[in-house]
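Some notes on the structure that comes next.
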Amino acid sequence: MNKRKLRNLKETAVRAVFFLNGIVAVLILVGIFILLLFSAVPAFREVNLKEFLFGKLWDPTSPLKPSYGILSQVFSSFLVTIAALVLAVPVGLAVAAYLSDVAPWRVREIVKPVVEILAGIPSVVIGFLGIVVLGPALGEWTGQSHGLNALNGAVLLAIMSLPTIVSISEDALSAVPQAYSEGSLALGGSRWQTLLRVKFPAALSGIIAAVMLGMGRAIGETMTLLMATGNARSFPEGLFDSVRTLTSNIAIELGEVPYFTTHYYALFAVGLVLFILTFLVNLGADLVLRKYQEREQ
Amino acid sequence: MKRRLSFRKAAVQAFGFFGLRAATGLVLAVLVLILFDIGSKGAGTITWEFLSQPPRRGMTEGGIFPAIYGTLLVTLITAVLAVPLGMGAAVYLNEYARKNRLTRLIRLSIRNLSGVPSIVYGLFGVILFVNIFKFGTSVLSAGLTLGLLTLPWTITASEEALKQVPNAYREGALALGATKWQSIRTNVLPYALPGMLTGTVLGLARAAGETAPIMFTGAAFSLPILPQSVKDQFMALPYHLYIMATQHHDIGKVRPLAYGTALVLIALVLGMNLGAVILRYRLRRRQRRF
Chain A
1 MNKRKLRNLK
11 ETAVRAVFFL
21 NGIVAVLILV
31 GIFILLLFSA
41 VPAFREVNLK
51 EFLFGKLWDP
61 TSPLKPSYGI
71 LSQVFSSFLV
81 TIAALVLAVP
91 VGLAVAAYLS
101 DVAPWRVREI
111 VKPVVEILAG
121 IPSVVIGFLG
131 IVVLGPALGE
141 WTGQSHGLNA
151 LNGAVLLAIM
161 SLPTIVSISE
171 DALSAVPQAY
181 SEGSLALGGS
191 RWQTLLRVKF
201 PAALSGIIAA
211 VMLGMGRAIG
221 ETMTLLMATG
231 NARSFPEGLF
241 DSVRTLTSNI
251 AIELGEVPYF
261 TTHYYALFAV
271 GLVLFILTFL
281 VNLGADLVLR
291 KYQEREQ
Chain B
1001 MKRRLSFRKA
1011 AVQAFGFFGL
1021 RAATGLVLAV
1031 LVLILFDIGS
1041 KGAGTITWEF
1051 LSQPPRRGMT
1061 EGGIFPAIYG
1071 TLLVTLITAV
1081 LAVPLGMGAA
1091 VYLNEYARKN
1101 RLTRLIRLSI
1111 RNLSGVPSIV
1121 YGLFGVILFV
1131 NIFKFGTSVL
1141 SAGLTLGLLT
1151 LPWTITASEE
1161 ALKQVPNAYR
1171 EGALALGATK
1181 WQSIRTNVLP
1191 YALPGMLTGT
1201 VLGLARAAGE
1211 TAPIMFTGAA
1221 FSLPILPQSV
1231 KDQFMALPYH
1241 LYIMATQHHD
1251 IGKVRPLAYG
1261 TALVLIALVL
1271 GMNLGAVILR
1281 YRLRRRQRRF
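So the sequences go chain by chain: A and B. Start counting the first sequence at 1; every next residue gets the next number (the numbering used here). Start counting the second sequence at 1001; every next residue gets the next number (the numbering used here).
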């Protein structure tokens, strides 16, 4: 009897340990939010929240009047991200369609892991190539000296978000029930028409999720943009301007700022904005993806 | 059965498929271009001296040994945190968790964690490890920060491996009177472990290439000596490349060294990837024989 009790006790203990381990992810996510919030709040003793969110000027070290407006950084982040998606989405969808509908099995088995390699290249290496290869090439084209601008960052981001877009939309296209395409083919549609008018619409929610996940990654990318976009503080007027994104701004200034000053806290506030932005984008992607998987079942 | 399409339809299709092939070709070409550029321009710098010596004369000469050492050390600390936690969480989710609201919340958190920007992990590491736990800017703080970043990947990968274990294995043990934990320990984990390790190595490879999370938690510009304890700062390959590419006072002169650093970094990260993929391939073939 006693042995059995001991055994039950052990089982309960093991279960409890695994349970605690299981909820670690929740604790970390909540922990990130709370700690960022607590580190951001002191900034608003001196900075007006409205000015922070809608001010165009970020100049915390100005001797006259420091200003903490992040609007140009938010705009820059979105400018680069959207330009990257405009480049990456058509190409990514084409690759996904090729893999799911056109490529022979053997080619597919080779191309898929090769595209994954792209995801494995560290962002600092991509940023480096932005400085030494792509930047100078763009510079020659636009007449700028170095080509470190939003377009440079957007092209690099497009390359980096391709693997995400390809793999998730390929999953979505492959998950379209065979009967759909068979129906279309039986009615005399070509494989191309079937792909375009039957499979793409049927896989749309998965594709939207893929694009949103790619977007989440692009908004949060730091090193590539820090190295390749020039980091000018002014409000960008177009893709050929140098931009400073939310991520680059944190990376540039956190290393130099004295701890526990308004400037220091303000950088955590920028981090909080970034966290909330990516959280919303990822949550949105998640909702779309779940909904579509539930419908499949 | 061969179907005949009208000329128009066939032409449009041929054109469309050509576009898809061209896009795929473009992506592969970009990848080849990246690897070729780094490979061809970095190879000339790789010598035994480059790999085994510290930087000299303001990083314009010498090697990158401290950065290689630092990256391996920080990845080891990352693994010590992320591997057991990732595997444990996966065991909970796949073996114990019921289908309820809490489980859905856990899964949602994991998916969201994998989307949190790496620089935000860096900020979190500064608050939690550097300031609250008072580990200072050190290889320990940086490793733990990277560990948190890697966790969602290791959990997901480990769970995939657990799902591959047939239910009959569990039921067999339970039918013989084993407790749940005994069945997991003897009949599930041994079969899932290789797969779990493979996925984990992939996660660690990504962590080894990260820069933003370690910039403010422990990576140093340049250090005369190797870290003596986990409380010391360290040099890391990705951060060293960033410095060489943007912060150095004589960027033109150190460009070959930067290329060399990039090549070593890529070789390390892709080498880990390749190792994991080969491991997975072999294990899959072995498992098919059961």
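Just so you know, even glycine gets a beta-carbon here, dropped at the ideal spot from N, CA and C.
Between the C-alpha atoms of residue i and residue j, what's the straight-line distance to the nearest angstrom?
{"i": "P66/A", "j": "P1117/B", "result": "27 Å"}
{"i": "M1001/B", "j": "I117/A", "result": "Model confidence at M1001/B stands at a pLDDT of 47, short of 50, so the residue's coordinates are unreliable and nothing is read from them."}
{"i": "H1249/B", "j": "A1258/B", "result": "13 Å"}
{"i": "F1290/B", "j": "V288/A", "result": "With a pLDDT of only 48 at F1290/B, under 50, the local geometry of the prediction cannot be trusted, and no value is derived from it."}
{"i": "I276/A", "j": "G189/A", "result": "45 Å"}
{"i": "I207/A", "j": "Q1013/B", "result": "22 Å"}
{"i": "L1305/B", "j": "Q1233/B", "result": "The first residue shown for chain B is 1001 and the last is 1290, placing residue 1305/B beyond what the model contains."}
{"i": "A1157/B", "j": "I219/A", "result": "25 Å"}
{"i": "A955/B", "j": "I1110/B", "result": "Nothing in the structure corresponds to residue 955/B, since chain B is present only between 1001 and 1290."}
{"i": "G216/A", "j": "A1208/B", "result": "21 Å"}
{"i": "I168/A", "j": "A119/A", "result": "13 Å"}
{"i": "R1285/B", "j": "N1187/B", "result": "20 Å"}
{"i": "A1168/B", "j": "R1282/B", "result": "23 Å"}
{"i": "V1277/B", "j": "G1086/B", "result": "19 Å"}
{"i": "R7/A", "j": "E1095/B", "result": "19 Å"}
{"i": "R1170/B", "j": "A1192/B", "result": "12 Å"}
{"i": "F19/A", "j": "V26/A", "result": "12 Å"}
{"i": "L1020/B", "j": "V111/A", "result": "13 Å"}
{"i": "L1005/B", "j": "P236/A", "result": "51 Å"}
{"i": "G153/A", "j": "V281/A", "result": "20 Å"}
{"i": "P90/A", "j": "M227/A", "result": "26 Å"}
{"i": "V125/A", "j": "L1072/B", "result": "18 Å"}
{"i": "A285/A", "j": "I28/A", "result": "21 Å"}
{"i": "A43/A", "j": "L173/A", "result": "47 Å"}
{"i": "A1011/B", "j": "I121/A", "result": "38 Å"}
{"i": "L1189/B", "j": "F1065/B", "result": "38 Å"}
{"i": "G1136/B", "j": "I1184/B", "result": "39 Å"}
{"i": "G238/A", "j": "P1238/B", "result": "30 Å"}
{"i": "P1256/B", "j": "A1245/B", "result": "10 Å"}
{"i": "A1131/B", "j": "R244/A", "result": "It should be pointed out that residue 1131/B corresponds to Asn in this sequence rather than to Ala. Taking the straight line from one Cα to the other gives about 27 Å."}
Which residues share a DSSP beta bridge with residue i?
{"i": "W58/A", "result": "Y68/A"}
{"i": "A1142/B", "result": "According to DSSP, A1142/B bridges with nothing at all."}
{"i": "A1219/B", "result": "F1234/B"}
{"i": "P1055/B", "result": "G1062/B"}
{"i": "G230/A", "result": "V243/A"}
Going along chain A in order, which residues have a C-beta closer than 8 Å to the C-beta of residue i?
{"i": "V1277/B", "result": "P113"}
{"i": "W1181/B", "result": "K10, E11, V14 and R15"}
{"i": "G1070/B", "result": "Neighbours of G1070/B on chain A: none; closest Cβ ~14 Å, over 8 Å."}
{"i": "Y1096/B", "result": "R15, F18, F19 and G22"}
{"i": "I1266/B", "result": "I121, P122 and V125"}
{"i": "Y1092/B", "result": "F18, F19, N21 and G22"}
{"i": "R1021/B", "result": "Y98 and V102"}
Mind pulling the chain A residues with CB within less than 9 Å of residue i?
{"i": "R1206/B", "result": "A119, G120 and P122"}
{"i": "L1151/B", "result": "V24, A25 and I28"}
{"i": "R1012/B", "result": "With the sequence shown as reference, residue 1012/B is identified as Val, and Arg is not the correct amino acid for it. Those within 9 Å of V1012/B in chain A are S190, W192 and Q193."}
{"i": "Y1242/B", "result": "V124, G127, F128, M223, L226 and M227"}
Name, please, each residue of chain B whose Cβ falls closer than 7 Å to the Cβ of residue i.
{"i": "V273/A", "result": "Chain B residues near V273/A: none, gap ~10 Å exceeds 7 Å."}
{"i": "A251/A", "result": "I1119, A1212 and M1215"}
{"i": "L254/A", "result": "F1216"}
{"i": "V257/A", "result": "In chain order: nothing, as chain B lies at least about 10 Å away."}
Taking residue i as the query, report the chain A residues whose CB atoms sit under 7 Å from its CB, ordered along the chain.
{"i": "P1238/B", "result": "P122 and V124"}
{"i": "A1262/B", "result": "V125 and F128"}
{"i": "G1088/B", "result": "F18 and N21"}
{"i": "G1147/B", "result": "Simply none; closest approach about 10 Å."}
{"i": "T1078/B", "result": "The premise fails here: T1078/B is roughly 14 Å from chain A at the closest Cβ pair, so nothing lies under 7 Å."}
For residue i, return the contacting residues in chain B, with the cut-off set at a CB-CB distance below 8 Å.
{"i": "T247/A", "result": "P1117, I1119 and A1212"}
{"i": "S39/A", "result": "L1123 and I1127"}
Starting from the beta carbon of residue i, find every residue of chain B whose beta carbon is closer than 9 Å, and list them in chain order.
{"i": "F268/A", "result": "L1123, V1126 and I1127"}
Residues from the segment 1108-1130 of chain B in contact with chain A, defined by Cβ distance under 9 Å: L1108, S1109, I1110, R1111, N1112, L1113, S1114, G1115, V1116, P1117, S1118, I1119, V1120, Y1121, G1122, L1123, F1124, V1126, I1127 and L1128
Could you tell me which whole alpha helix (DSSP H) segments of length 4 or greater appear in the segment 1083-1117 of chain B? 1101-1113
Quick one: which residues of the segment 276-288 of chain A get their C-beta closer than 7 Å to a C-beta of chain B? List them in chain order. T278, F279, N282, L283 and D286
Which residues, in order along the segment 216-241 of chain A, keep a beta-carbon less than 9 Å from a beta-carbon of chain B? G216, R217, I219, G220, E221, T222, M223, L226 and M227
Residues in the segment 1045-1063 of chain B having any Cβ partner in chain A nearer than 7 Å: Going along the segment 1045-1063 of chain B in chain order, one finds no residue with a Cβ nearer than 7 Å to chain A.
Segments assigned alpha helix (DSSP H), at least 4 residues, entirely inside the segment 1136-1193 of chain B: 1139-1163, 1167-1175 and 1180-1183
Along the segment 90-104 of chain A, what residues have a CB closer than 7 Å to any CB found in chain B? V91, A94, V95, A97, Y98 and V102
For the segment 1023-1047 of chain B, which residues have a CB atom closer than 8 Å to at least one CB atom of chain A, in sequence order? Under the 8 Å Cβ criterion, the segment 1023-1047 of chain B contributes A1023, T1024, L1026, V1027, L1028, V1030, L1031, I1034, D1037 and I1038.
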